[in-house]
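Notes follow once the structure below has been shown.
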Amino acid sequence: MTSVNTNVGAMVALQNLNQTNSELMTVQNRINTGLKVASAKDNGAIWAIAQNQRASSGALNAVKDSLQRGQSSVDVALAAGSSISDLLVSMKEKALAASDSTISAASRTAYNDEFISLRDQITKAVTNADFDGSNLIKNGGTNIVALANADGTSKLTVAAQDLSLTGLSLTTATIGSQASASAMIATITTAIGNVSSKLSKLGTGSKSLASHLEFVGKLQDTLDAGVGNLVDADLAKESARLQSLQTKQQLGVQALSIANQS
């Protein structure tokens with residue numbers, strides 16, 4: 005039936021055109037944002053899953069920061085510990101030279117002065133081994149406790165190692181006499197062994213932090229890729245669909261015009 009009051013052809017053409025315009029807006033939004041699920045309105049379940057994964061990935065940034073701070077603190081301690089080990093080697097050399105019974109008193113005094121100077125440098129190295137308020141090698145140093153997961157329920161700990169004169173039993177070490185110099189050789193040898201052992205523990209701790217940091221980075225990349233698989237739009241597909249819908253829109257306008265003319 006043809007009616008002046010009710011243009012059925014125009015109504016149908018308008019409905020189809022509105023549907024095409026709606027789809028066109030959806031495709032344009034996906035191309036603009038790069039997301040097929042940009043909000044809960046697009047797909048509530050997928051959006052909720054993606055949001056939870058985004059939260060986990062974001063939390064891992066704090067984990068990485070914590071691990072990097074811990075690693076830096078341990079690396080500073082290792083650098084200072086290496087210097088202390090070198091100082092002990094030099095101190096042993098002075099003690100051995102001062103134990104020689106044939107040297108003069110003046111020479112032994114000179115050796116003792118150098119020995120004490122080296123001993124005091126150990127204290128300076130320990131004192132300066134601070135990073136962000138942490139010092140792992142001073143007497144009573146604090147352990148490094150770094151975050152290990154996104155929930156904060158797991159942590160990595162690197163124990164402090166006392167490399168101070170007190171910890172090495174060298175607080176009053178001197179070589180002012182042949183007897184004290186001879187006795188100091190064994191003491192310094194023991195101290196060198198202790199420092200090497202403690203540095204080995206710090207080195208293992210630093211390696212653990214670095215290894216876990218690498219794992220966290222890979223885990224974060226995996227989570228980000230998973231979120232992308234859920235919500236990212238296929239831009240090649242959407243671009244092709246955009247051209248199709250634009251063509252349909254033009255045809256829909258023509259169809260509506262024909263219906264109105266009829």
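Quick note on the numbering used here: the sequence shown kicks off at 5 and runs consecutively.
Glycine included, every Cβ here is placed at the ideal spot set by N, Cα and C.
Since the structure is predicted, the reported quantities are computational estimates derived from the model, not experimental observations.
Neighbourhood of residue 38 by C-beta distance below 8 Å, restricted to the same chain and skipping five residues each side
Hits under 8 Å: 236, 237, 239.
Would residue 56 be called buried (16 or more neighbouring beta carbons within 10 Å of its own) or exposed?
By the neighbour-count rule (16 or more Cβ atoms within 10 Å), residue 56 is not buried but exposed.
Can you check whether the CB of residue 172 is closer than 9 Å to the CB of residue 195?
When the beta-carbon positions are compared, residue 195 and residue 172 come within less than 9 Å of each other.
Does the beta-carbon of residue 3 have 16 or more other beta-carbons within 10 angstroms, so that it is buried, or is it exposed?
Residue 3 cannot be examined here, being either before or after the span of the chain that is shown, 5 to 266.
Once DSSP output is grouped into helix, strand and coil, what is the label at residue 228?
Helix.
Report all residues from its chain with a CB closer than 7 Å to the CB of residue 58; omit the five preceding and five following residues, and keep chain order.
Cβ within range, chain order: 231.
Does the structure place the segment 98-112 close enough to the segment 126-140 that three or more beta carbon pairs sit under 8 Å?
At 8 Å Cβ cutoff, the stretches do not touch.
Exposure label - residue 3; buried when at least 16 CB within 10 Å
The structure shown does not extend to residue 3, since the chain is modelled only from 5 to 266, so the question has no answer here.
Residues near residue 98 by beta carbon distance below 6 Å, same chain, minus five either side
Excluding positions up to five away in sequence, the list reads 115, 118, 119.
Indicate whether at least one CB of chain D lies closer than 9 Å to the CB of residue 220.
Among the chains of the structure shown, chain D does not appear; only one protein chain is present.
Buried or exposed (CB count within 10 angstroms, at least 16 for buried), residue 266:
Burial call: exposed.
Grouping DSSP H, G and I as helix and E and B as strand, with all else coil, what is residue 41?
Residue 41: coil per DSSP, three-state reduction.
Option nearest residue 160 by Cα separation, candidates 166, 150, 168, 169
Its Cα nearest to that of residue 160, the residue 150 stands out among 166, 150, 168, 169.
Quick one: what's residue 135 bridged to in DSSP?
In the DSSP output, where bridge partners are listed per residue, residue 135 has 138.
Check residue 236 in the structure and name its three-state DSSP category.
DSSP, reduced to helix, strand and coil, places residue 236 within a strand of the structure shown.
Output the boundary residues of the beta strand (DSSP E) element that contains residue 148.
For residue 148, the uninterrupted beta strand (DSSP E) run begins and ends at 148-151, by DSSP.
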